[in-house]
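Engineer: I have a structure I would like to understand better, so I am pasting it below and will then ask my questions one at a time.
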Amino acid sequence: MIVFEQFGFTKGGQIAISVKDVSWKSSNRKAELNPSSMGFFLARDSSFSTIFMNDSLQSNDESFCVLSSRYVKLLFNFNDLSLNTSTYNGSTAIDEADEYSLVFGNCQPEFEVSMYVHTEMYNLQDGAKNYLPVGQTFLPKFFS
Numbered sequence: 001m002i003v004f005e006q007f008g009f010t011k012g013g014q015i016a017i018s019v020k021d022v023s024w025k026s027s028n029r030k031a032e033l034n035p036s037s038m039g040f041f042l043a044r045d046s047s048f049s050t051i052f053m054n055d056s057l058q059s060n061d062e063s064f065c066v067l068s069s070r071y072v073k074l075l076f077n078f079n080d081l082s083l084n085t086s087t088y089n090g091s092t093a094i095d096e097a098d099e100y101s102l103v104f105g106n107c108q109p110e111f112e113v114s115m116y117v118h119t120e121m122y123n124l125q126d127g128a129k130n131y132l133p134v135g136q137t138f139l140p141k142f143f144s
């Protein structure tokens, strides 16, 4: 797992993610890619220990993948990539206010993945995008 970014969302906050030029390779010629085993998800910061505990408990179960954990909000997996261009563009609204981490999960560690990623996380304040997480506010301007 790779943590990309942490952000404090209010209810109705938004995350937009765009990936392009996605590619993968494996040194094991017999390895078969399962596109649903790689993708991006949001996890509450308070859930990380639970996710890792479940992951280690289930490590003997080869079918377990963090992307299917009930403790994460799946944004997309590689099944959702555009077939012709290996790209994805999407956004989602946050249902419950909290501190979240954007994470890339790869449940097939025999594959190395390369891609360009652009993210945008913000809360809505009076209909305008506010790129400051919960708990941080704009500082007032002082004039001389």
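Using full-length UniProt numbering, the first residue of the sequence shown is number 1, and each one after it goes up by one.
We treat Cβ as the ideally placed atom computed from N, Cα and C, and that holds for glycine.
Predicted model, so just to flag it, every value in this text is computed and none were measured.
Applying the criterion that 16 or more other CB atoms from any shown protein chain within 10 Å of the CB defines a buried residue, is residue 211 buried or exposed?
Structural biologist: Lying outside 1 to 144, the shown extent of the chain, residue 211 is not represented and no answer is given.
Engineer: With distances taken from CA atoms, which of I2, L132, D95 and W24 is nearest V66?
Structural biologist: I2
Engineer: Using C-beta distances below 6 Å, list every residue in its chain close to A16, excluding the 5 sequence neighbours before and after it, in chain order.
Structural biologist: S91 and E120
Engineer: Which word fits S37, buried or exposed, when buried means at least 16 other C-beta atoms lie within 10 angstroms of its C-beta?
Structural biologist: buried
Engineer: Is A128 helix, strand or coil when you go by DSSP?
Structural biologist: strand
Engineer: Buried or exposed for S31, please, with buried defined as at least 16 other CB atoms from any protein chain shown within 10 angstroms of its CB.
Structural biologist: The amino acid at residue 31 is misidentified as Ser; the sequence shows Ala. So A31 counts as exposed.
Engineer: So I94 and Y71 are supposed to be a Cβ contact under 8 Å. How far apart are they, rounded?
Structural biologist: Not a contact, Cβ separation roughly 16 Å.
Engineer: From K73 to N84, what distance separates their C-alpha atoms?
Structural biologist: 26 Å
Engineer: Between the C-alpha atoms of P109 and L42, what's the straight-line distance to the nearest angstrom?
Structural biologist: Rounded to the nearest whole angstrom, the CA to CA distance from P109 to L42 is 20 Å.
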